[in-house]
Each structure stands twice: as structure tokens, then as C-alpha cells.
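Comments concern the structure below.
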Amino acid sequence: MSMKFIPIILVVLSSTCYHVSQKATPSGISPIVALIVTYVTASIVSIISYFVFVPKSDFVGLMEAVKTANWASFLLGFAVVGLELGFLLAYRAGWQISGASLLCNTLVALMLIPIGLLFFKETISLTSIMGVVICITGLVFISR
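What follows is the structure, given as C-alpha cells:
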């Protein structure tokens, strides 16, 4: 297997755990408290990962590395909160785990196409356009 697919496997496995965890979050817990627990856990895992995977890492190096973050890291923080709160509320509103993730991921993919074209100078092929048509057709079927 090509190393190119290792990150994709990580995303698929993590996303699967993500949706199962979101769906299994107790209905009695405040969504905000659930997010706090999630982010404390994620922060601990991230800090430990830094010291495990970054050679010759120390706390001073971590603080220096944080200074190199730009607006994208902060926007990502807001986006992740919206993403997680949105899915948690969708599942509490009765969405099925398969339907909500499929609908949202398809819509996100459709939104990212013009963003990729306009801001990142990506290209789109006829095959990709056909895939977009299939995605839109799928959305019509899912929403019925």
C-alpha cells in the first residue's frame, strides 16, 4: 500500500470514531460541557504527541512553534467547534448517523470545489464534474 493512503485511512478511522462518539454522547449532558471534555482530551493528546513525534522537543520549543501559527489555526479552532456542535445537535434532533454524515460531507465536498478552483488554483476534470452530478443526484435521493 502506498504511503499516500495512510493519512486517508487515519481520517476514515478517526471520522468513524468521531461520528459514533457523537451519536453516543448522552442526551443529558450539555453540548458545551461535552465539547469541553472533548477539547481537554484533544489538548492532552496533542501535547503528548508533540513530545513523542517532534525530535528534540521541549516546552520552550513548543512555545516557539506556537508563535508560528497563523490565522488558519485559529479559524480551524472555531470551525471545529461549529462542526462538533453541529453534528451533536443534528444527532440529538434525530438525524441518523449515516444520513447526517453523508449529507454534510457531500455538501462540504460541493462547497470546496469552487474554493479549490478560485483560491488554490486547483483544476477540475470532466470526470470530476460527472462525480459532482452524481453527488447532487445522491443528495436528491437522500433527502426524500
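In this note's numbering, the protein residues as written are 20 to 163.
From the three backbone atoms N, C-alpha and C, an ideal C-beta is built for every residue, glycine too.
Rounded straight-line distance, which links the Cα of residue 121 to that of residue 24
21 Å
Can you tell which of 148, 118, 147, 43 has its C-alpha closest to the C-alpha of residue 159?
118
Short of 6 Å in beta carbon distance, which residues of its chain neighbour residue 109, apart from the five on each side in sequence? Order them along the chain.
119
Could you check whether residue 42 and residue 116 sit closer than 7 Å to each other, using their CB atoms as the reference points?
yes
Please report the straight-line C-alpha distance between residue 63 and residue 49, rounded to a whole angstrom.
22 Å
Between 132, 151, 102, which lies nearest to residue 140 when the distance is taken from Cα to Cα?
132
From residue 46 to residue 112, what does the alpha carbon distance come to, in whole angstroms?
10 Å
Measuring only the C-alpha atoms, how far is residue 156 from residue 68?
41 Å
Does DSSP put residue 115 in a helix, a strand or coil?
coil
In this structure, how does DSSP classify residue 82 when only helix, strand and coil are distinguished?
helix
If you reduce the DSSP assignment to three classes, tell me which class residue 44 lands in.
coil
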